[in-house]
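Structure record follows, encoded as structure tokens.
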Amino acid sequence: MSRYVERLLAAWTPATSTPLPTQLRLRADGLAELSSDSYLPREQHSYWMRLLQSSALVQHAVPVQNLIKSLNPSLIYSPYTDRLLGICDRPQVITCHDLTPLYWPDSRRAYLRSRFWLPRHLHGADCVVAISRHVADLLLQKGLPAQRIAVIPNGIETAVEPLTVPAGPDLLLLARHARNKNIPLALRGFARFLALNPRWDGRLVIVGSTGRETPLLQRLEQQLGLESRICWYPNLGAEALEKKWRASFALLSTSWMEGFDYPLLEAQAHGLPTLASKIPVHEELHRDVALLVECSDDGISLAAQLQRLARDPSLWQQLSQAGLQNACYYSLERQCRNLHQLFGSLS
518 MSRYVERLLA AWTPATSTPL PTQLRLRADG LAELSSDSYL PREQHSYWMR
568 LLQSSALVQH AVPVQNLIKS LNPSLIYSPY TDRLLGICDR PQVITCHDLT
618 PLYWPDSRRA YLRSRFWLPR HLHGADCVVA ISRHVADLLL QKGLPAQRIA
668 VIPNGIETAV EPLTVPAGPD LLLLARHARN KNIPLALRGF ARFLALNPRW
718 DGRLVIVGST GRETPLLQRL EQQLGLESRI CWYPNLGAEA LEKKWRASFA
768 LLSTSWMEGF DYPLLEAQAH GLPTLASKIP VHEELHRDVA LLVECSDDGI
818 SLAAQLQRLA RDPSLWQQLS QAGLQNACYY SLERQCRNLH QLFGSLS
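Note that my numbering numbers the sequence shown so that position 267 is 784, with each residue one more than the last.
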């Protein structure tokens, strides 16, 4: 989520012609403060604060009420799905990024938090920003009134000098090792694609943190005979990831469920064609600019779409240009302007 906040802070003033809103944040030493700059602390050095932060309980350990009283804002906005529970005398807007833990939880704690704690924040907020219509639909299903939901899709920054031709044969997948990311589909589809194209010398590059699914993925990699064709990276710095964008043939996203799926827009902003699973949010945001594949056909449609892309240079160019236009439409400036207009209407 910090990357989401960084993007908003970087684009806010140029997009809205207004100064950055005052922020309530934690310093690196674990103390709370009010700030109006664009610097975002990377981590908390206090184990206790990191624990509270990972459980979304920081507001119960810092003097929120005193800080809000000294600031006296007309409206409070949270870029997370957490409202300030001790503040009841002014409107609060929160952001719902997804409800994936209710359907594809990584842990019992994540499920229980979404099942029992999250509704308290959602139903107590004056307005909930849904980052896609798909998320808005899920909120409606959970009983949130439509008049308290504002759909404002995420935005992406424009890449410098996007690709105009394929720079290499590698396929890129950005996903942590979680069930909802459906990485086995990518492995099986890639194996089928290699069987159709034995001379293809590219690899499947998977960037994402390890987790409970990692041993299963490693076993599947061995069963499919892909040991020399898969590159696993737990994480990459900004510069290294930029090199991967610019050395790839296409980006894959095979998830079962997403709230928005930033990597698809990031790839499109780089001029990189995208292949995505046929799920509601991908059909909403990428129906005409990506090749959509079935989620549960053992990789058959993924291999077929990769085959089309590999054999048809004009299709690569078409998807590259369509993706660039899509990334320009879902700009950070557009997102910030829409948020600014929403805040103005509520305050």
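Idealized CB from N, CA, C, for every residue including glycine. Owing to the predicted nature of the structure, the values given are computational and were not obtained by experimental measurement.
Inter-residue spacing [alpha-carbon to alpha-carbon] between residue i and residue j
i: GLU850; j: GLY672; result: 7 Å
i: ARG650; j: LEU836; result: 23 Å
i: THR731; j: SER831; result: 37 Å
i: SER794; j: TRP529; result: 32 Å
i: ASP814; j: ARG696; result: 16 Å
i: LEU548; j: TYR564; result: 13 Å
i: LEU689; j: LEU734; result: 16 Å
i: ARG665; j: VAL645; result: 6 Å
i: GLU759; j: ASN583; result: 42 Å
i: ALA839; j: THR771; result: 20 Å
i: ALA627; j: THR612; result: 17 Å
i: TYR556; j: GLN822; result: 42 Å
i: ASP829; j: LEU789; result: 15 Å
i: HIS640; j: HIS803; result: 30 Å
i: GLU674; j: SER519; result: 15 Å
i: HIS799; j: VAL724; result: 20 Å
i: THR539; j: ARG763; result: 37 Å
Residue from the options with nearest C-alpha to residue i
i: SER603; options: ASP615, ALA642, ARG854; result: Residue 603 is actually Gly in this sequence, not Ser. Answer by Cα proximity: ALA642.
i: ASP805; options: SER818, LEU769, THR791; result: THR791
i: GLU775; options: PRO590, ARG524, TYR556, THR617; result: THR617
i: TRP634; options: TRP621, VAL579, ALA573, ALA692; result: ALA573
i: GLN609; options: TRP621, PRO622, TYR594; result: TYR594
i: THR533; options: CYS605, PRO679, GLN858; result: GLN858
i: SER862; options: GLN658, LEU592, LEU588; result: LEU592
i: GLN842; options: ASP599, HIS787, SER587, GLY728; result: HIS787
Where residue i falls, given that 16 or more other Cβ within 10 Å makes a residue buried
i: LEU713; result: exposed
i: GLN785; result: buried
i: GLU783; result: buried
i: GLN740; result: exposed
i: THR535; result: exposed
i: ILE817; result: exposed
i: PRO780; result: buried
i: PRO683; result: buried
i: ASP606; result: exposed
i: ARG524; result: buried
i: VAL677; result: exposed
i: ASP892; result: Residue 892 is absent from the model: the chain starts at 518 and stops at 864.
i: THR681; result: exposed
i: CYS748; result: exposed
i: SER765; result: buried
i: GLU738; result: buried
Beta-bridge pairing of residue i - partner residues as DSSP gives them
i: LEU691; result: VAL724
i: VAL668; result: ALA647
i: LEU711; result: BP columns for LEU711 are empty, so no partner.
i: GLN540; result: SER552
i: THR612; result: VAL646
Ignoring anything shorter than 4 residues or poking outside the region 563–609, list the alpha helix (DSSP H) runs there in chain order. Counting only unbroken stretches of 4 or more residues, the alpha helix (DSSP H) elements lying wholly within the region 563–609 are 564–571, 581–588, in sequence order.
message: Suppose only complete runs of 4+ residues qualify. What are the alpha helix (DSSP H) ranges in the region 745–783, listed by chain order?
response: 755–762
| message | For a minimum of 4 consecutive residues, which ranges assigned as the alpha helix (DSSP H) are wholly contained in the region 616–645? | response | 617–620, 625–629, 635–641
| task | Give, in chain order, every unbroken run of the beta strand (DSSP E) that is at least 3 residues long and sits entirely within the region 775–844. | result | 791–794, 808–810
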